[in-house]
Amino acid sequence: MLVTPWLVAVLLVPQAPSAAPAPAQETPAQEFRRLGEELYAGDCPIMGTALRRSLMQELQQPDLKPRQRIQASLQLGQELTEAGQVERAIETLEQALEFASHEGRENALGPLHRQLAIAYLRQAENVNCVERRNGDCCVLPLREGALHAVREPALEAREHYAAVLAITPDDLQVRWVYNLLTLLLAEPLEGLPAEQRLPLGAFGSGGSDVLPTFRDVGQRAGAATLNLAGGVAVEDFDGDGLLDIVSSNCDVLGPMTYLRNQGDGTFENQSQASHIDEQLGGLNMISADYDNDGDQDPLVLRGAWLLDYGRMRKSLLRNDAGAKSREFVDVTRAAGLAEPAAPTQAGVFADFDSDGWLDLYVGCESRVEIDQGKGSYLSQLYRSNGDGTFREIGAEAGVQNDRYAKGACVGDYDDDGDIDLYVSNIGVNRLYRNDGRSRFEDVALTAKVGDPAGRSFACWFFDYDNDGGLDLWVGAYSTKVADLACEALGKVVQSGLPCLYKNQRDGTFKDMARELGLARPFAPMGANFGDVDHDGWLDIYLGTGDPELESLMPNVLLQNLGARRFVDRTAASGLGQLQKGHGVAFADLDHDGDEDLYHVLGGFVPVDRYQNALFENLQPNGHWLYLELEGTRTNREATGARVKVVVETPDGPREVHRAAGSVSSFGGSPHRLEIGLGDAARIARLEIRWPRTAELQVFEDVPLDACLRVREGSAAFERVELKSFRF
């Protein structure tokens, strides 16, 4: 089983006991603050301070042997850097480097130079990219605003990386960062030694003099929240017709954020007023109308990657933002979702039993297959009782998936009228086929969708080729920046590759990634699909990276060219953000007829904070149709409904297909369907097939460039006027 070094290190640390249940009188704010403070004070390897204190005490011993002193200083330097005490880390490491040189400890010099380079690299990011943030920062190809005006930290980092390369010249990860720092210092790669130089094209060259098709307006719009990694949901939470933003933060003491769209190009931070800032932690979040009352309710998923330390409960937040109270209310315990508390970041709402109410699947991070049988956390299926409460039925449904789940998505892939479930794992993936009564059979191997075996992450069902069948994307998660350097040099890349499975319409799939130009090294965490040019073909955006501070790799836009091929448009788009990419939402936030992109940025360790980005779409786009579907017998938000739009174009008739509720496992696009129609001259026919009844609702001569509200069973649609504005 392929496991990354940082996860191996975590697995080797003794695990914490289960967190005690919250006292009855404890509020959610008190509960999560208590849990967060306990983790920071303890021996959790990600944010705990116990190891740091122990190393400091060890270094106070006067009789410590030189080898032990150097090793403790090296480890302390890493701990201090990741904790955000970068200047102190640099002081500790520089003293250790001087000591090792004086003692003739040649074998220690490489690791010390490497850790010093990482500390200076982070210092360079802090003073240039976080404190002096602008829309160009950290975006490849580099523009003037991205260059490091405060040069000293980057110069120091590069000098230490040069020392590492003198010792280990074949280290491609170091070579990648060494070249990147040179570009950030506004120096040509030609000035580097030939044997350590990478092709300029690896860093998005060729587009720096062209106006990008997206620009980051997050700061100007008041949407550039500073945080660690997290999830996102973009929805009209307060019912005023404008799309708002809710995001989470994996920092166990980091609050959630609610940004209310004011309809004038800015967002108002309503986190405190809505009490959502009382919810701390959560690497991912989703939202759905669990209580069928017509608004979207967030659900926070906690504890991911923290192993036994991650036994923190979920949070279901009932949305009262449109009511007089204008708040989100934690109803987790009342709804029956608080237990069992298990590490997770994977969850999805769907009506698995077709009773008109959304159920909830939560994929947990069980380690039994990668940690000698330890750490069994069974995934959960909560069936809605139809009254705002749930009952856990994972065992009887057959979906407990005793594997390390990283993604979960739903769709009726076999078109038999019920919702099926896909779970991506560290291990073999699962495709759970629904028999229509919430009894599931794992058919991943017979359906030929078990890969990428070993390490998968973000996944989703979508119809990339508009043939009416739901296809499946499954991202691999083993790529390092060394693999990007390897690819740039034309060498064979050994990392896992993503799969794009075409639905064969016979119960099986065929991986088309190689034929479609997608068999390349990516490391997507947050990822999603949308139609960036509204041509009717769904594109892919990958938020890349891993917890290592050196993992600065551009996020990637892959444009769908009529299902014939996906082409990398990152450089031209202006979306090649280097910071760690997590929750991704495609949505027409300004109602100007194209999809913008909101991206939660920031890494996993405490120092790796960054501001979120709101990328405004600037390119000319095709025609469009937005649909707000409302179920009556079906669940109210119409998850599981299938839509076919038949349009007339200059080249003849064409079909565009969409599935409501088929969403990315680490995305956050609105449940409103935003359908691009390209060069359509008119919409000849709109068909909606509702999931519970299979009833076909048909409309003809539907207006172009319009938002329609369609109620299940209604003979007419309602046109919704959208308030548009400029960022």
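In our numbering, the protein residues as written are 495 to 1221.
We treat Cβ as the ideally placed atom computed from N, Cα and C, and that holds for glycine.
Exposure label - residue i; buried when at least 16 CB within 10 Å
{"i": "L1012", "result": "buried"}
{"i": "G698", "result": "buried"}
{"i": "K900", "result": "buried"}
{"i": "N1049", "result": "buried"}
{"i": "R547", "result": "exposed"}
{"i": "S781", "result": "buried"}
{"i": "R1008", "result": "exposed"}
{"i": "F742", "result": "Residue identity differs from the one stated: residue 742 is Ser in this sequence, not Phe. With 16 or more Cβ atoms within 10 Å of its Cβ, S742 is classed as buried."}
{"i": "Q1071", "result": "buried"}
{"i": "P1018", "result": "buried"}
{"i": "K559", "result": "exposed"}
{"i": "T940", "result": "exposed"}
{"i": "L705", "result": "exposed"}
{"i": "N601", "result": "exposed"}
Residues near residue i in its chain [Cβ-Cβ closer than 8 Å; skip 5 each side]
{"i": "L1198", "result": "H1117, W1118, L1119, L1171, A1174, R1176, I1177"}
{"i": "L603", "result": "L591, A594, S595, A657, I661"}
{"i": "L587", "result": "S567, L568, G571, L606, Q609, L610, A613"}
{"i": "R627", "result": "Q713, A718, Q1105"}
{"i": "D1084", "result": "G759, D1090, E1110, S1218, F1219, R1220, F1221"}
{"i": "R820", "result": "D732, Q764, A767, S768, D814"}
{"i": "L692", "result": "R669, W670, N673, L683, A979, A982, L983"}
Three-state secondary structure assigned by DSSP to residue i
{"i": "Q1191", "result": "strand"}
{"i": "V676", "result": "The sequence shown places Thr at residue 676, not Val. Three-state DSSP puts T676 in a helix."}
{"i": "D758", "result": "coil"}
{"i": "T543", "result": "coil"}
{"i": "G1207", "result": "coil"}
{"i": "V658", "result": "helix"}
{"i": "V1026", "result": "coil"}
{"i": "Q589", "result": "helix"}
{"i": "L553", "result": "helix"}
{"i": "Q609", "result": "helix"}
{"i": "D965", "result": "strand"}
{"i": "G869", "result": "coil"}
{"i": "W954", "result": "strand"}
{"i": "C744", "result": "coil"}
{"i": "I770", "result": "helix"}
Proximal residues to residue i (C-beta, below 6 Å), its chain only, five neighbours per side dropped
{"i": "E1215", "result": "none"}
{"i": "V862", "result": "S870, D896"}
Whole-angstrom distance between residue j and residue i, CA atom to CA atom
{"i": "F1221", "j": "Q690", "result": "43 Å"}
{"i": "V1204", "j": "A1135", "result": "12 Å"}
{"i": "L649", "j": "E1122", "result": "53 Å"}
{"i": "V943", "j": "T838", "result": "22 Å"}
{"i": "M541", "j": "L533", "result": "7 Å"}
{"i": "D929", "j": "E625", "result": "54 Å"}
{"i": "V1166", "j": "A889", "result": "Before going further, note that residue 1166 is Arg rather than Val in the sequence given. Their Cα atoms are separated by approximately 33 Å."}
{"i": "N923", "j": "E581", "result": "43 Å"}
{"i": "C993", "j": "A844", "result": "24 Å"}
{"i": "Y1035", "j": "Q1073", "result": "14 Å"}
{"i": "L694", "j": "L679", "result": "14 Å"}
{"i": "W851", "j": "G830", "result": "15 Å"}
{"i": "R1063", "j": "Q1053", "result": "6 Å"}
{"i": "V671", "j": "R1130", "result": "49 Å"}
{"i": "F1211", "j": "G892", "result": "40 Å"}
{"i": "G1207", "j": "A815", "result": "29 Å"}
{"i": "C1201", "j": "D824", "result": "32 Å"}
{"i": "R1103", "j": "C744", "result": "11 Å"}
Proximity of residue i and residue j at Cβ, strictly below 8 Å
{"i": "G948", "j": "G880", "result": "no"}
{"i": "N673", "j": "L666", "result": "no"}
{"i": "P749", "j": "L720", "result": "no"}
{"i": "L1032", "j": "Y958", "result": "yes"}
{"i": "S1045", "j": "G1037", "result": "no"}
{"i": "D771", "j": "D783", "result": "no"}
{"i": "V904", "j": "V968", "result": "no"}
{"i": "E729", "j": "L737", "result": "yes"}
{"i": "L615", "j": "L1043", "result": "yes"}
Residues near residue i in its chain [Cβ-Cβ closer than 7 Å; skip 5 each side]
{"i": "F708", "result": "S1067, G1068, L1069, L1091, F1109, E1110, N1111, L1112"}
{"i": "Y871", "result": "A836, P837, C858, E859, S860"}
{"i": "A583", "result": "G571, L574, T575, A613"}
{"i": "E1142", "result": "A1174, A1175, R1176, A1178"}
{"i": "N997", "result": "Y907, G963, L964, D965, F1003"}
{"i": "L659", "result": "D665, V668, R669, Y672, Q690"}
Closer than 8 Å to chain C by CB, residue i
{"i": "W967", "result": "Chain labels in this structure do not include chain C; a single protein chain is all it has."}
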